[in-house]
């Protein structure tokens, strides 16, 4: 298989993240106009030849998405468990073909066998209700963050949403260093996919992304908290609100969850001891 981050793999699809369509606006229904609309395509994650899940996503940074999803769903423990990836167009969308180590693939097959015949609940790859709020190893308390540095990060979050600026239709997830700089970020039509892309990139790039926090442009649902905690993220900032289940999961796994993040404003739901306001 190709190197998982090679330009050849990243460019093989020739997809764009938006395209112009003809539409009509309220103030002038008599005259059609061209405007940009975000692309949304089905993306299947295929492990060692077996399709595991299909997600709707923006057709960009899909190797990072596949890596982040694999980590945040507990399919792999580290990027070393992935031997390669290929992105293959299909008639209905895209496939990310992932080559797993034998050990991790056997674990995935056992997991699928245990779930065979059970009714799915359709929650972002979760295949049964008992998997919601599954136990996550409690996080250590190694990070601190000065909320004064959050304001600068918020001002630049949309720098990582070029498609969003054109279409108004994407979510963003970014890594904020402890100094308030944005080390990198990703956008997607799906908030969970944007987060998985970020988590995958963080895992691959390693040490330079260790100190800091995740900032998302969306609300904080339980999946966002659980995915972050599974990847060792101790602090999650969300521009919008958190749900009760997100708060419960964050409390149990020692994650600092902060919502309603705007310049000069933030609501801390759990574990405020990691935060400084000065």
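Residue numbers (full-length UniProt numbering): 1 to 278. Cβ coordinates follow ideal geometry from the N, Cα and C atoms, glycine included. Note that the coordinates shown come from a computational prediction; the quantities given were computed from them, not determined experimentally.
- With respect to the 8 Å criterion, residue 171 and residue 191 are classified as neighbours on the basis of their beta carbons.
- Collapsing the DSSP output to three states places residue 34 in a strand.
- When the beta-carbon positions are compared, residue 218 and residue 243 stay at least 8 Å from each other.
- Residue environment analysis places residue 31 among the exposed positions, since fewer than 16 neighbouring C-beta atoms fall within 10 angstroms of its C-beta.
- Within the DSSP bridge table, the entry for residue 63 names no partner.
- Minimum Cα-Cα distance from residue 158 among the listed residues 216, 266 and 199 corresponds to 216.
- Per DSSP, the continuous alpha helix (DSSP H) segment holding residue 162 begins and ends at 162-167.
- Taken atom to atom, the span from the alpha-carbon of residue 51 to that of residue 44 is near 7 Å.
- Inclusion of residue 94 and residue 37 in the CB contact set at 8 Å is not warranted, their separation being larger than that value.
- In this structure, 106 is the residue among 106, 173 and 256 with its C-alpha nearest to the C-alpha of residue 76.
- Between residue 141 and residue 226, the gap from beta carbon to beta carbon reaches 8 Å or more.
- Residue pairing from DSSP places residue 215 in a beta bridge opposite 174 and 237.
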